[in-house]
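Novice: Residue numbers (the working numbering): 1209 to 1507.
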Amino acid sequence: MALSLAISPCPNDTFVFDALVHGRVPGAPPVEVTYADVDVTNTAAERGAFDLVKVSYAALPWLLDDYHLLPCGGALGRGCGPLMLTRGDRTASDRTGGTGSGETASGLADLSGATVAVPGDRTTAYLLFRLWSAERPPARIEVVPFHEIMPGVAAGRYDAGLVIHEARFTYPRHGLTALVDLGEWWESTTGLPIPLGAILARKGAVDPVEAAGWIRESVRQAWADPAASREYVLAHAQEMEPDVVDRHIGLYVNEFTADLGEAGFAAVQALLGRAADAGLVPRTSSPQTSSSRATAWTS
1209 MALSLAISPC PNDTFVFDAL VHGRVPGAPP VEVTYADVDV TNTAAERGAF
1259 DLVKVSYAAL PWLLDDYHLL PCGGALGRGC GPLMLTRGDR TASDRTGGTG
1309 SGETASGLAD LSGATVAVPG DRTTAYLLFR LWSAERPPAR IEVVPFHEIM
1359 PGVAAGRYDA GLVIHEARFT YPRHGLTALV DLGEWWESTT GLPIPLGAIL
1409 ARKGAVDPVE AAGWIRESVR QAWADPAASR EYVLAHAQEM EPDVVDRHIG
1459 LYVNEFTADL GEAGFAAVQA LLGRAADAGL VPRTSSPQTS SSRATAWTS
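1. What are the boundary residues of the alpha helix (DSSP H) that includes P1219?
2. Give the DSSP-derived three-state secondary structure of M1292 in the structure shown.
3. Excluding the 5 residues flanking A1483 on each side, which residues of the same chain have their C-beta closer than 6 Å to its C-beta?
4. Looking at C-alpha atoms only, which residue of P1434, D1485, F1473, M1292 is the closest neighbour of A1406?
5. Just tell me which of F1225, P1290, D1329 has its CA closest to the CA of A1266.
6. If you draw a straight line from the alpha carbon of Q1477 to that of P1450, how long is it in whole angstroms?
7. Cα separation between L1277 and T1222?
8. Based on Cα-Cα distance, which residue from S1212, D1226, G1287, L1211 lies nearest to R1424?
9. For the alpha helix (DSSP H) containing L1442, list its first residue and its last residue.
10. Could you check what DSSP says for T1186 in three-state terms: helix, strand or coil?
11. Between the C-alpha atoms of S1494 and P1279, what's the straight-line distance to the nearest angstrom?
12. I need the boundaries of the beta strand (DSSP E) containing G1285, first residue and last residue.
13. Would you list, in sequence order, the uninterrupted beta strand (DSSP E) runs of no fewer than 3 residues that lie entirely inside the region 1349-1413?
14. Please classify E1449: does DSSP put it in a helix, a strand, or coil?
15. Between E1311 and S1426, what straight-line distance do the alpha-carbon atoms span, to the nearest angstrom?
16. Taking Y1379 as the reference, which of A1362, E1395, D1367, Y1366 has the closest Cα?
17. Within the same chain, show all residues whose beta-carbon is closer than 6 Å to that of A1475, passing over the 5 residues directly before and after it, in chain order.
18. Work out the CA separation of T1249 and I1215 for me, nearest whole Å.
19. Check whether the Cβ of V1371 sits closer than 7 Å to any heavy atom of the ligand PLP, and report yes or no.
20. Drop a sphere of 10 angstroms on the beta-carbon of A1210, count the other beta-carbons inside from all chains shown, and report buried for 16 or more, exposed for fewer.
21. Look at L1213 and L1260 and say whether their C-beta atoms are less than 8 Å apart.
22. S1426 lies in the alpha helix (DSSP H); which residues open and close that run?
23. Of the residues W1340, T1251, D1273, E1470, which one's Cα is nearest the Cα of D1389?
24. Label A1347 either buried or exposed according to how many other C-beta atoms from any shown protein chain fall within 10 Å of its C-beta, with 16 as the threshold for buried.
25. Here's a check: name, in chain order, each residue in its chain whose Cβ is nearer than 8 Å to the Cβ of S1437, leaving out the five neighbours to either side.
26. Run through DSSP, which three-state label would T1242 get?
27. Please report the straight-line C-alpha distance between G1487 and T1332, rounded to a whole angstrom.
28. Grab the span of the alpha helix (DSSP H) containing A1475 for me, first residue to last.
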């Protein structure tokens, strides 16, 4: 039977899963793929809609009863965090109702009077933003499809927008300015990498140790022959420029993609622990994986 897989159309996901999706991983079953923004997959995972699914680490407290966390295939790293963007012609006083006091204790713009577009209410990006802005939350949050956030901010529909992935490389062309890099904030306060997207295996539907082996082999093949996935990656990328695609993959597909390791698991535990302490997510036991972090790559 085919394995149902849900991932985003972003270059890092299509690059990582190319070999698995196209039947080049020995011993893996056929795969039926659904491509969707992470806000969609977070919700679908609550219904148990997929056997393997890419979700936000921030959504784990609602999902771990039904899914195993896999130690590979996801998005976690350094220097790759979400950005809060606004129009380049908007001043601090514009964003704070004309007071001119648009600085927080950390020296960053105050968004307490703003309408902010976010890519999902259970995304890691939004959870990091909520932790960062706890003392001065924005006036209004709107959940917006990811591809609509930068155009919406540029057009003035939103005062600011929270973005991830390829937007790190393309936001200046929309006339936007980065108010804060939430990844830099997270790394400076914790010393840990940024946990963005996790791969989960549905309990009772797929063996997590086998699934980890398939994914690691898919990653190995992607690194060994990057050209093999090129057509597939470009067919789904929202930003088609080869340079943007290459930078995207280079940033988000890294050592943590092959194995979360001690630092990766510590980052996940820190994120969920801090969020639970702040009352933002249900408290859960430390997320564990049923597949060993030392699982050998398949040959």
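We put the CB at the ideal spot given by N, CA and C, even for glycine.
Just so we're clear, the structure is a prediction, and the values are computed from it rather than from any experiment.
Specialist: Judging by the given coordinates:
1. 1219-1229
2. strand
3. Non-local C-beta neighbours of A1483 in its own chain, meaning closer than 6 Å and more than five positions away in sequence, comprise L1335, V1489, ordered along the chain.
4. F1473
5. D1329
6. 35 Å
7. 20 Å
8. Comparing Cα positions, the closest option is D1226.
9. 1438-1444
10. Residue 1186 lies beyond the residue range present for the chain, which begins at 1209 and ends at 1507; the question has no answer from this structure.
11. 14 Å
12. 1283-1285
13. 1368-1371, 1384-1389, 1402-1410
14. Coil, per DSSP.
15. Note that E1311 scores a pLDDT of 38, beneath 50, so its modelled location is shaky and nothing firm can be said.
16. A1362
17. L1400, P1401, P1403
18. 8 Å
19. Among the components of this structure there are no ligands whatsoever, and the ligand PLP is therefore not found.
20. exposed
21. A contact, by the Cβ cut-off of 8 Å.
22. 1416-1432
23. W1340
24. exposed
25. T1222, F1223, D1226, A1227, A1430
26. strand
27. Spanning the alpha carbons of G1487 and T1332 requires a straight line of approximately 15 Å.
28. A1475 -> alpha helix (DSSP H) spans 1469-1485.
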